[in-house]
Amino acid sequence: MSFIENILSLGIPFSVALLIASLGEMFNQRAGIFNLGCEGIMAMGAFLGMLVPFSFGHGGATPGIYNILGLLLAMGVGALFGMLFGLVVVTFRAPQGIAGIGLQMFGVGTAGTLFRHFVGGSQSIPGISELPIPVLSKIPLLGPILFSHNPLVYLAFAFVPVSWYILFKTPWGLKVRAVGTNPRAADSIGIEVNKVRFQALAVGGALAGLAGAYLSLCQVKMFSDEIIAGRGFIAVALVYFGHWNPVKIMAGALLFSLAQSLQLAIQGQGINFPYEFAVMLPYVLVIIVLAFSRESQLLGPTALGKPFNREKRT
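All you need for the working numbering is the position in the sequence shown, starting with 1, plus 79.
Below you can see the structure in the form of structure tokens.
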């Protein structure tokens, strides 16, 4: 496989966790909730995703069943964490930034503690294997790059048009955008602002949990304290980069992951390039892109980060 093919074939699966988490954060922010706790929810999802197949995968059922159960558990707990975050910032109207950092620390710490208690040490799992698409995976050049991945890769990219349709073409998507833009006007026409925000947080939490489970079940096939490695914060940044639009968010996730795969390809090819610069390349790229994305300040939900108090009229 050539240098360019290697970058592209690695970049697509690398983008999946970021893409799923960013789409979840997009729903949060479109509803007016700024959730910095995405990292913590992803950590819990990564732990729970691998816990089920690790604990029960040696029984009579096929490992695939346990992988699915791990994914569902990660999504369910992610949705629960999202709603608990909603209890703090929507019901009690706590500062969203501080509460998000608290959720991040709680999720990462809890996942690590539970992992050491139930698993003990570094343990690999079979995880979810690649599922090459018949015929298409045999196409020269494009086959290995686009059609030779595990099922969650295909599912993640299918989420993009689905998310776009939900957000812009369904009544619920209209409600989400309304409560994130002008919650008082939305309330005046009968939209239950807090209810919609809780729903958006549940969706966002479920997707963040799924993103974490993808890392432990598909990409790394194990759990460690550093498995998320800042991806939750990058997901938040990608929402700004993508102007709260699923298609643009996908482009941002691919851009970051291609930079990450370039870093690995450089090291793998033995190119004389400082290791430290190669590692920081994807993160520097995100900072540079965000610095030139001034338009984001104009296109974002105007009520983002602002609590809604129905009794307060001014």
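Glycine is no exception: its CB is placed at the ideal position from the N, C-alpha and C atoms.
Note that this is a predicted model, so its numbers are computed, not measured.
query, result
"Which listed residue (Gln108, Leu253 and Ala285) has its alpha carbon closest to that of Tyr319", "Gln108"
"Continuous alpha helix (DSSP H) stretch holding Glu209: start and end", "Per DSSP, Glu209 belongs to no alpha helix (DSSP H) and is neither H nor E."
"Close Cβ partners of Val167 (< 7 Å) along its chain, the five nearest in sequence each way excluded", "Ala173 and Ala178"
"DSSP-derived helix/strand/coil call for Trp323", "coil"
"Ser134 (DSSP reduced to helix, strand or coil)", "helix"
"Cβ pair count under 8 Å reaching 3, the region 118–130 against the region 298–307", "yes"
"Met121 and Phe160 closer than 8 Å at C-beta", "no"
"Among Arg276, Leu369 and Phe236, nearest to Gly252 - alpha-carbon criterion", "Arg276"
"CB contact flag (Leu333, Gly103, <8 Å)", "no"
"Residue interval of the alpha helix (DSSP H) (run including Lys248)", "Pro230 to Lys248"
"Range of the contiguous alpha helix (DSSP H) that encloses Met31", "What is shown of the chain runs 80 to 393, which leaves residue 31 out entirely."
"Straight-line gap, Val239 to Pro213 (C-alpha atoms, nearest Å)", "23 Å"
"Contact set for Leu337: own chain, Cβ-Cβ below 6 Å, skip 5 residues either direction", "Gly90"
"Beta-carbon spacing of Val255, Phe106 below 8 Å", "yes"
"Own chain residues within Cβ distance below 6 Å of Pro230, not counting five before or after", "Leu210"
"Own chain partners of Gly136 with C-beta closer than 6 Å, once the 5 adjacent residues on each side are dropped", "Pro142 and Tyr145"
"Simplified DSSP state of Lys300, which is helix, strand or coil", "coil"
"CA nearest to the CA of Ile99, picked from Ala235, Phe164, Thr381 and Val368", "Ala235"
"Option nearest Met359 by Cα separation, candidates Gly309, Trp323 and Asn273", "Gly309"
"Residue burial classification, Gly95 (beta-carbon count within 10 angstroms, cutoff 16)", "The question names Gly, but residue 95 in the sequence shown is Val. By the 10 Å Cβ count, Val95 comes out buried."
"Start-to-end residues for the alpha helix (DSSP H) that takes in Ile86", "Phe82 to Arg109"
"Presumed contact (8 Å Cβ cut-off) between Leu296 and Ile367, rounded CB distance", "Leu296 to Ile367, Cβ: 32 Å. No contact."
"Whole-Å CB distance - Gly284 paired with Met162, under 8 Å assumed", "7 Å"
"Host alpha helix (DSSP H) of Arg195 (start-end)", "Gln175 to Phe197"
"Cβ-Cβ separation, Val258 to Ile268 (assumed contact under 8 Å), whole Å", "About 11 Å separates the two Cβ atoms, so there is no contact after all."
"Buried versus exposed call for Met154 [16 or more other C-beta atoms within 10 Å across all chains shown]", "buried"
"Whole-angstrom distance between Ser81 and Gln346, CA atom to CA atom", "14 Å"
"Distance between beta carbons of Gly116 and Gly186, contact taken as under 8 Å", "7 Å"
"Rounded separation between Leu383 and Ala370 - CA only", "20 Å"
"Environment of Ser203 [buried if 16+ CB atoms lie within 10 Å]", "exposed"
"Three-state secondary structure assigned by DSSP to Ala370", "helix"
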